[in-house]
Amino acid sequence: MGGEASIRGLDVRVPMRLGTDGVDGLLERMRGSAFQGRRLGEAFDIWKRMIDGDCLIAVGLAGSMASAGMDPLVAWLVERGYVDVVVSTSANATEDVLEQRGVPFYQVDPDHVDDEDLWKRRLYRFYDHVVSAEAYDDMEYFLAGFFEHLAATWSGSTIPGVRFMHELGRWLDAQGLGGTIAATCFRHGVPLFVPAAPDGPLSESYRVARERGPVVDFFKDYEIALAIMNRFMTPGPGTAAIFFGGGVPKDFIQITATSVQAIRGHADACPHVAAIQITTDNTVFGGLGGAGVSTECISWGKESPAGLNVMVFA
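Per the numbering used here, the sequence shown runs over residues -5 to 308.
What follows is the structure in structure tokens.
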């Protein structure tokens, strides 16, 4: 009958029975469920196929993941070689310093919290959790020490952003903060791009630093990213993208596909062969953060119509 392919499998849906095979088994069975649980199961399957294949895996980190305690999971992915390139917001690439320095976060009820009272008590709020304003400000002053270190050790007048983050990771590792995302990427040779580095704690760190060192060249960053992507994009082994949230990290990874196409000087698209996005954004608002990796992004040549693409709204 017409449209038969679109409803294939509904009559043999796998029941969601409890098992003893751990989280991975649960995620596999969720493919046979519905709604976002099904999407999450599909994302799990696609990510495994990315890891088992030869493609380059780039991950984009947006939202306040570090303050929510998700940074060890990112470090775990890097340590095990499950991602090859990391693109992050400035906050996620630096706020994990707080936890590594032993600074606690505290939960609050976001619907019944007095923000004026929090201000008086010197607590900064991240929706449903807070941190000491003094500890946060001290973290920014601590990172100012890196700018001063770089001023004393870097001989050039400019530095690519990805090298800046590499040196930050090296410095944090030497400070005993090896569990941070930057330090983990440094040790494992994984490029860490932070295209909007001033949009976060590093701006205040730069302001208070006694010596500021080289100018960070973010446009050079893009050249470096394109060189990496160009080596892998089709007809090479291919590139795959995983987006936690959207924002600048998603856009940075996505537009490499259109730029590589232009570099190669032909009309054939060079899309990512697979893409997963986990986001709270919505496609109807028109922002790139909610642009569907299995729909809208295909029109730009960023994802392949034959690719393994899934959006998880969670």
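Backbone N, C-alpha and C fix where the C-beta goes; we use that ideal spot for every residue, glycine too.
To the nearest angstrom, how far is the alpha carbon of residue i from that of residue j?
i	j	result
Ser0	Phe38	Note that Ser0 scores a pLDDT of 48, beneath 50, so its modelled location is shaky and nothing firm can be said.
Phe141	Pro208	9 Å
Ser288	Ser151	43 Å
Ala219	Lys296	15 Å
Thr250	Asp108	43 Å
Gly284	Asp105	25 Å
Asn224	Arg115	51 Å
Phe309	Thr83	Residue 309 cannot be examined here, being either before or after the span of the chain that is shown, -5 to 308.
Gly194	Met64	18 Å
Gly75	Val184	9 Å
Arg2	Pro299	Annotation note: pLDDT 46 at Arg2 (below 50); position unreliable, no value reported.
Glu290	Gly35	22 Å
Arg201	Ala85	16 Å
Gly(-3)	His266	Annotation note: pLDDT 44 at Gly(-3) (below 50); position unreliable, coordinate value reported separately. So the alpha carbons of these two residues sit roughly 28 Å apart.
Gly57	Glu128	22 Å
Ser293	Thr252	11 Å
Phe307	Ile272	6 Å
Glu110	Arg33	40 Å
Val304	Asp167	36 Å
Leu302	Ile40	7 Å
Cys264	Ala87	29 Å
Ser27	Asp18	15 Å
Leu21	Leu112	39 Å
Gly280	Ala203	39 Å
Ser197	Met59	19 Å
Ile222	Ala191	20 Å
Ile162	Pro98	Reading the sequence as shown, one finds Leu at residue 162 and not Ile. So the alpha carbons of these two residues sit roughly 23 Å apart.
Asp262	Leu67	36 Å
Leu55	Lys244	8 Å
Arg164	Phe212	19 Å
Phe226	His260	17 Å
Trp148	Gly139	14 Å
Gln248	Asp215	15 Å
With a Cβ-Cβ cutoff of 7 Å, do residue i and residue j count as a contact?
i	j	result
Ala269	Ile51	no
Val254	Pro189	no
Leu71	Val77	yes
Leu137	Ser199	yes
Tyr118	Tyr130	yes
Phe336	Val210	As shown, the chain starts at -5 and ends at 308. That puts residue 336 outside it, with no answer to give.
Glu89	Ser61	yes
Leu257	Val53	Before going further, note that residue 257 is Ile rather than Leu in the sequence given. Not in contact: Ile257 and Val53 (Cβ atoms no closer than 7 Å).
Val156	Phe187	yes
Val124	Tyr100	yes
Output the boundary residues of the alpha helix (DSSP H) element that contains residue i.
i	result
Thr83	Segment: none, Thr83 is in no alpha helix (DSSP H) and carries neither H nor E.
Asn317	As shown, the chain starts at -5 and ends at 308. That puts residue 317 outside it, with no answer to give.
Ala168	155 to 168
Leu20	16 to 24
Ile292	Per DSSP, Ile292 belongs to no alpha helix (DSSP H) and is neither H nor E.
Arg43	29 to 46
Ala69	65 to 73
Trp113	109 to 114
Leu92	90 to 94
Tyr76	Premise fails: Tyr76 is in no alpha helix (DSSP H) and is neither H nor E.
Ser199	195 to 202
For my contact list, residue i and residue j are in at a C-beta cut-off of 8 Å; report their separation, rounded to the angstrom.
i	j	result
Ala146	Glu205	7 Å
Gly31	Met24	5 Å
Gly240	Leu282	6 Å
Ala69	Gly170	Contact doesn't hold; Cβ gap of about 15 Å is too wide.
Pro371	Asp48	This structure cannot speak to residue 371, because the chain is shown only from -5 to 308.
Thr277	Gly286	5 Å
Asp122	Val102	6 Å
Glu73	His160	The Cβ separation is near 17 Å, so there is no contact.
Could you please give the first and the last residue of the uninterrupted beta strand (DSSP E) stretch that includes residue i?
i	result
Val124	123 to 126
Gln101	99 to 101
Asp211	209 to 211
Ser298	297 to 307
Thr174	That residue, Thr174, is in no beta strand (DSSP E); it is neither H nor E in DSSP.
Thr252	Unbroken run through Thr252 is the alpha helix (DSSP H), 241 to 258; no beta strand (DSSP E).
Val53	50 to 55
Arg119	117 to 120
Thr233	233 to 238
Hey, is residue i close to the ligand NAD, as in C-beta under 6 Å from one of its heavy atoms?
i	result
Ser197	Looking for the ligand NAD in the displayed structure turns up nothing, as the structure carries no ligands at all.
(request) Determine, using beta-carbon pairs with one atom in the region 172 to 188 and one in the region 81 to 95, whether at least three such pairs fall under 8 Å. (result) The region 172 to 188 is in contact with the region 81 to 95.
(message) With three or more beta-carbon pairs closer than 8 Å as the criterion, would you say the region 149 to 164 touches the region 30 to 50?
(response) As far as the Cβ criterion goes, the region 149 to 164 does not touch the region 30 to 50, which means the pair count is below three.
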